[in-house]
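S.K.: Have a look at this one.
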Amino acid sequence: MKNYPLPRIDKDKKLHDILLKYCRLGKGDIWIDKKNKHKVGCLDSSDLKDLKDMFGRKRATLALHDPPYNMVAFQETEADEFVEWSKIWIENSKELLKKDSSLYIWLGADQKNHFQPFAEFILMMKGTDFNSRSFITMRNQRGYGTQKNWMSIRQELLYYTLGNPEFNIKSVYTDIPKVVKGYFKEIAGVKTENIERSKSEYIRSGNVWIDIQQVFYLLDENVNGCFAQKPLKAIERVIDVSSRKGDLVIDFFSHSGTTLIASEILERQCYTVDIDPIYCEISIRRLENYRKNGKLGWQNSNPFEEEIKSDKELQNYLKEKYSLEY
Ligand SMILES: C[S@@+](CC[C@H](N)C(=O)[O-])C[C@H]1O[C@@H](n2cnc3c(N)ncnc32)[C@H](O)[C@@H]1O
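The sequence shown begins at 142 in this note's numbering and counts up one residue at a time.
See the structure below:
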């Protein structure tokens with residue numbers, strides 16, 4: 142079986158710079174998908190002018206953002222600075238959303254540092270036009286800190302709205318079978334049990350998600366080289382509930398292109414941006430690879446496999462630094 146992994150690109154500046162020559166977008170460029178008119182922009186999500194140029198008169202039904210925190214850009218900065226910056230792209234989202242629309246934000250909470258930037262962020266949101274709707278917790282299967290603390294396995298997803306948007310929860314079930322019996326209710330004079338009353342043998346999705354596998358190298362959707370991929374199933378769940386076919390979905394932090402590929406699968410249009418040309422390229426290639434091979438990612442391979450095979454400099458580098466043989 143072939144095995145062509147790629148190390149984390151964000152941790153290796155040299156690898157990043159070598160791969161740049163294989164990226165079709167430079168800063169400020171926008172790729173337009175001929176088939177379904179998705180767009181990928183190599184833009185800064187805090188730059189409203191560039192975003193407006195990309196969007197034209199089009200406005201979105203759903204924004205789904207996963208900003209970086211505790212990564213290169215914010216390694217040394219305080220929560221306040223992160224939140225000041227967040228306020229800008231939140232306001233930019235509002236400019237590009239319809240009057241009835243939804244906004245979801247993945248947000249970490251650093252348990253070793255007063256759970257920042259969670260509190261600062263939700264207070265900042267109070268000063269915007271968005272209404273708070275739900276605080277979803279997604280459970281990871283693997284965590285850290287099992288010996289001296291509660292294992293940290295949660296991921297936080299905040300749900301806000303503008304106006305009165307779509308919310309199609311009726312069709313969205315988890316994979317968890319209904320097992321709790323004895324919850325009776327009288328319907329038209331007849332005492333009915335929980336399971337008889339339901340259309341589905343599975344439970345509906347609430348705001349605690351325990352049925353989603355976090356991404357790891359053995360999954361088909363894994364994108365080697367990326368480090369912050371969200372599970373496709375989580376993104377699909379949000380898109381399913383908070384938009385309809387044909388609607389525009391936006392994501393200001395594309396990275397591995399999860400929102401783009403989920404939008405393609407669920408027949409939505411997606412406009413997404415990333416400040417880094419490498420992640421723009423990976424997002425576009427993920428979509429192309431899905432269309433060509435029906436694959437959700439690159440298990441046992443990576444988005445730049447073909448180039449690496451014919452690039453001696455890159456091969457030597459990967460061999461010397463990581464003992465990777467191509
Ligand atoms: C946490 S990752 C997003 C992961 C994504 N949800 C996925 O499933 O792959 C954050 C991404 O934001 C990008 N980014 C950082 N600052 C940005 C900015 N100012 N504008 C646009 N993208 C930015 C980073 O390059 C990184 O790829």
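No residue lacks a Cβ here, since even glycine has one placed at the ideal position from N, Cα and C.
Under DSSP, the beta strand (DSSP E) around residue 328 begins and ends at which residues?
M.R.: Start and end: 325 to 328.
S.K.: For residue 320, does the three-state DSSP call read helix, strand or coil?
M.R.: Coil, per DSSP.
S.K.: Have a look at 439, 409, 227 and flag the residue whose alpha-carbon is nearest the alpha-carbon of residue 259.
M.R.: Closest by alpha carbon: 227.
S.K.: Could you tell me which of 430, 300, 282 sits nearest to residue 292, measuring between CA atoms?
M.R.: Here the closest residue by C-alpha is 282.
S.K.: Residues in its own chain within less than 8 Å of residue 84 by CB, not counting five upstream and five downstream?
M.R.: The question about residue 84 has no answer, for the chain in this structure spans 142 to 467.
S.K.: If you measure from each residue's Cβ to the nearest non-hydrogen atom of ligand 1, which ones come out under 5 Å, in chain order?
M.R.: Selection output, chain order preserved: 185, 186, 207, 209, 369, 370, 371, 394, 396, 397, 399, 415, 416, 417, 420.
S.K.: Report yes if the C-beta distance between residue 344 and residue 317 is below 7 Å; otherwise report no.
M.R.: Contact flag set, yes.
S.K.: With burial defined as no fewer than 16 other Cβ atoms inside 10 Å of the residue's Cβ, what is the status of residue 365: buried or exposed?
M.R.: Under this definition residue 365 is a buried residue.
S.K.: Going by beta carbon distance, what residues of the same chain come within less than 8 Å of residue 212, once the five residues before and after it are set aside?
M.R.: At residue 212 the pLDDT is 45, less than 50, meaning the model places this residue with poor confidence; the figure from the coordinates comes in the next sentence. Taken in chain order, the residues that qualify are 151, 369.
S.K.: Beta carbon of residue 113, beta carbon of residue 241: below 7 Å?
M.R.: This structure does not reach residue 113, given that the chain is present from 142 up to 467, and the question cannot be answered.
S.K.: Helix, strand or coil: which one does DSSP assign to residue 281?
M.R.: Here residue 281 sits in strand by DSSP.
S.K.: Among 273, 375, 429, which residue has its Cα nearest to the Cα of residue 175?
M.R.: Selected option, being the one with the closest Cα: 429.
S.K.: How would you write the range of the alpha helix (DSSP H) that residue 230 sits in, first residue to last?
M.R.: Element bounds for residue 230: 220 to 237.
S.K.: Could you tell me the alpha carbon to alpha carbon distance between residue 458 and residue 148, rounded to whole angstroms?
M.R.: Taking the straight line joining both Cα atoms gives about 12 Å.
S.K.: If I follow the unbroken alpha helix (DSSP H) through residue 410, where does it start and stop?
M.R.: Run containing residue 410: none in the alpha helix (DSSP H); it sits in the beta strand (DSSP E), 410 to 414.
S.K.: In three-state DSSP terms, what is residue 459?
M.R.: Residue state, collapsed to three classes: helix.
S.K.: If we ignore side chains and look at the alpha-carbon of each, how far apart do residue 312 and residue 382 end up?
M.R.: Going by the C-alpha atoms only, they are around 8 Å apart.
S.K.: Rounded to the nearest angstrom, what separates residue 186 and residue 446 at their Cα positions?
M.R.: Approximately 29 Å, taken between the alpha carbons.
S.K.: Tell me, which residues are paired with residue 242 by DSSP?
M.R.: Beta-bridge pairing links residue 242 to 303.
S.K.: Taking all protein chains shown into account, decide if residue 371 is buried (16 or more other Cβ within 10 angstroms of its Cβ) or exposed.
M.R.: Counting Cβ neighbours within 10 Å, residue 371 comes out buried, since at least 16 surround it.
S.K.: In whole angstroms, what separates the C-alpha of residue 455 from that of residue 161?
M.R.: The straight-line gap from Cα to Cα measures roughly 12 Å.
S.K.: Skipping 5 residues on each side, what residues in its chain have a beta carbon closer than 8 Å to that of residue 359?
M.R.: Excluding residues within five positions, the ones whose Cβ falls inside 8 Å are 440.
S.K.: Do residue 274 and residue 300 have their C-beta atoms within less than 7 Å of each other?
M.R.: Yes; because the gap between Cβ atoms is below 7 Å, this pair is in contact.
S.K.: For residue 163, which residues from the same chain have a beta carbon less than 8 Å from its beta carbon, with the 5 sequence-adjacent residues on both sides left out?
M.R.: Excluding positions up to five away in sequence, the list reads 422, 445, 448.
S.K.: Pick helix, strand or coil for residue 276, following the three-state DSSP scheme.
M.R.: The answer is strand: DSSP assigns residue 276 an E or B state.
S.K.: Would residue 427 be called buried (16 or more neighbouring beta carbons within 10 Å of its own) or exposed?
M.R.: By the 10 Å Cβ count, residue 427 comes out buried.
S.K.: Quickly, what does DSSP pair residue 251 with across the bridge? List them, please.
M.R.: Paired residues: 257.
S.K.: Could you tell me whether the Cβ atoms of residue 402 and residue 181 are closer together than 7 Å?
M.R.: In this structure, residue 181 does not lie closer than 7 Å to residue 402 by Cβ.
S.K.: Locate the beta strand (DSSP E) running through residue 392, then write down its first and last residues.
M.R.: From DSSP, the beta strand (DSSP E) with residue 392 extends over 389 to 392.
S.K.: Assuming residue 302 and residue 346 make a contact with CB atoms under 8 Å, what is their CB distance in whole Å?
M.R.: At roughly 17 Å, the Cβ-Cβ gap does not stay under 8 Å, so residue 302 and residue 346 are not in contact.
S.K.: Could you have a look at residue 396 and say whether DSSP puts it in helix, strand or coil?
M.R.: If DSSP states are grouped into helix, strand and coil, residue 396 belongs with coil.
S.K.: Are residue 238 and residue 204 closer than 7 Å when you measure CB to CB?
M.R.: In this structure, residue 204 lies closer than 7 Å to residue 238 by Cβ.
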